[in-house]
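As structure tokens, the structure follows; a few thoughts come after it.
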Ligand SMILES: NC(=O)c1ccc[n+]([C@@H]2O[C@H](COP(=O)([O-])OP(=O)(O)OC[C@H]3O[C@@H](n4cnc5c(N)ncnc54)[C@H](OP(=O)(O)O)[C@@H]3O)[C@@H](O)[C@H]2O)c1
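In this note's numbering, the protein residues as written are 643 to 907.
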């Protein structure tokens with residue numbers, strides 16, 4: 643029985659990951675808020691592959707979301723051997739000017755629900771000879787990022803947590819992999835309100851299908867982390883060599899300089 647959960651599967655990278663897992667014969671539980679988009683994805687998957695695709699429309703910023711999801715698995719006797727914690731987004735703006743509520747909701751999706759879901763599902767994952775967790779971080783974790791302070795810190799959390807959990811689980815059947823993409827051609831920039839940066843991002847963006855393939859390849863090969871794309875991989879290396887005091891100025895030069903004036907004090 644091959645079953646997998648993908649959060650944030652209504653579009654973008656999560657949708658691409660879901661298609662790749664369906665190609666590999668996994669029955670899927672697709673999770674996000676947009677019911678219609680989820681249904682469209684599930685229908686396309688069922689039409690193209692001989693797998694089952696179910697959907698659960700839920701807001702992962704709600705503290706109870708992980709419990710709702712785990713209950714769904716119990717009720718449907720869904721026994722995943724793959725958990726992809728992909729759902730996530732950024733709020734762009736100065737920390738003091740973004741509302742606490744919007745930043746708290748983002749933190750809950752990017753970190754809180756990821757943790758709760760992983761905690762709740764570990765026992766289910768242990769029921770299989772081999773099981774996998776794929777957590778999606780970001781190259782924005784490579785340096786402090788003014789105007790995306792909470793988002794970049796949330797992705798630092800995801801990378802660090804993934805590596806620690808991987809070590810803790812090293813003698814079990816569960817392998818934990820962190821997927822750390824740079825810019826990907828999805829709705830991420832629009833949701834963050836960063837359209838002004840789209841032309842710059844376009845130069846570096848990777849296709850979600852390619853990132854999904856590289857992420858899953860690393861996951862099934864039980865790798866600790868994958869940073870798709872050579873420029874992204876290189877920026878990871880450089881970020882370990884260049885002092886934060888310089889990196890933060892470079893990052894601010896890209897993100898803070900173009901922040902719409904209404905957001906700058
Ligand atoms: N695109 C990039 O440049 C980039 C770079 C590095 C890392 N990443 C990471 O990649 C992951 C996927 O993002 P993406 O690029 O595919 O962006 P996207 O196209 O905006 O997709 C985000 C997904 O997360 C779901 N989601 C967002 N908020 C949610 C909530 N409150 N409850 C449930 N689901 C929610 C969305 O579904 P609904 O809106 O339907 O709820 C959607 O399925 C994220 O973790 C992101 O941080 C992206």
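The C-beta atom is built at its ideal place from N, Cα and C for all residues, glycine as well.
Because the structure is a prediction, the values reported are computed rather than measured.
Identity of the residue in 773, 826, 851 nearest residue 840 by Cα: Checking every option, the nearest Cα to that of residue 840 belongs to 826.
One or two residues paired with residue 918 in a DSSP bridge: Because the chain here runs from 643 to 907, residue 918 falls outside it and cannot be looked at.
Cβ contact (3+ pairs, closer than 8 Å) linking the region 882-896 and the region 799-813: Taking 8 Å as the limit for Cβ pairs, the verdict is that the region 799-813 does not touch the region 882-896.
Residue span of the alpha helix (DSSP H) that contains residue 866, given as start and end: Segment: none, residue 866 is in no alpha helix (DSSP H) and carries neither H nor E.
C-beta contact flag for residue 669 and residue 648 at 8 Å: No, Cβ-Cβ distance for residue 669 and residue 648 is not below 8 Å.
CB of residue 748 within 8 Å of CB of residue 792, strictly: Yes.
Distance, residue 758 Cα to residue 875 Cα: Approximately 29 Å, taken between the alpha carbons.
Any non-hydrogen atom of ligand 1 within 7 Å of residue 754 CB: For residue 754, the Cβ stays outside the 7 Å cut-off from all heavy atoms of ligand 1.
Beta-carbon proximity check, residue 707 vs residue 683, cutoff 8 Å: Going by C-beta atoms, residue 707 is not nearer than 8 Å to residue 683.
Whole-Å CB distance - residue 715 paired with residue 766, under 8 Å assumed: With a beta-carbon spacing of about 7 Å, residue 715 and residue 766 fall inside the 8 Å limit used to define contacts.
Cβ-based burial, residue 802 [other Cβ within 10 Å; buried from 16]: With fewer than 16 other Cβ atoms within 10 Å, it is exposed.
Residue 716 - DSSP class collapsed to helix/strand/coil: In the three-state DSSP reduction, residue 716 falls in the helix class (H, G or I).
Inter-residue spacing [alpha-carbon to alpha-carbon] between residue 902 and residue 888: The alpha-carbon atoms of residue 902 and residue 888 are separated by roughly 24 Å.
Whole-angstrom distance between residue 754 and residue 704, CA atom to CA atom: Their backbone Cα atoms lie some 9 Å apart in a straight line.
Beta-carbon contacts of residue 906 that lie in its chain and below 6 Å, excluding the five residues immediately before and after: Note that residue 906 has pLDDT 47, beneath the 50 cutoff, so the model's placement of it is unreliable and no number is given.
Local conformation of residue 647 per DSSP, three classes: DSSP places residue 647 in strand when its eight states are reduced to three.
Cβ-based neighbour list, residue 881, same chain, cut-off 7 Å, excluding 5 preceding and 5 following: These residues qualify, in order along the chain: 784, 785, 889.
Opposing strand residues paired with residue 848 [DSSP bridges]: Note: residue 848 sits in a beta bridge opposite 826.
For residue 815 and residue 772, believed in contact at Cβ under 8 Å, the rounded distance: Right, their Cβ atoms sit about 6 Å apart.
Coarse secondary structure for residue 726, derived from DSSP in three states: In the structure shown, residue 726 sits in a strand (DSSP, three-state: E or B).
Unbroken beta strand (DSSP E) run spanning residue 673, endpoints: If you look at residue 673, you'll find it in the beta strand (DSSP E) that goes 669-674.
Simplified DSSP state of residue 695, which is helix, strand or coil: DSSP, read as helix, strand or coil, puts residue 695 in strand.
CB-CB length for residue 752 against residue 796, believed under 8 Å: Rounded to the nearest angstrom, the Cβ distance from residue 752 to residue 796 is 4 Å, consistent with a contact under 8 Å.
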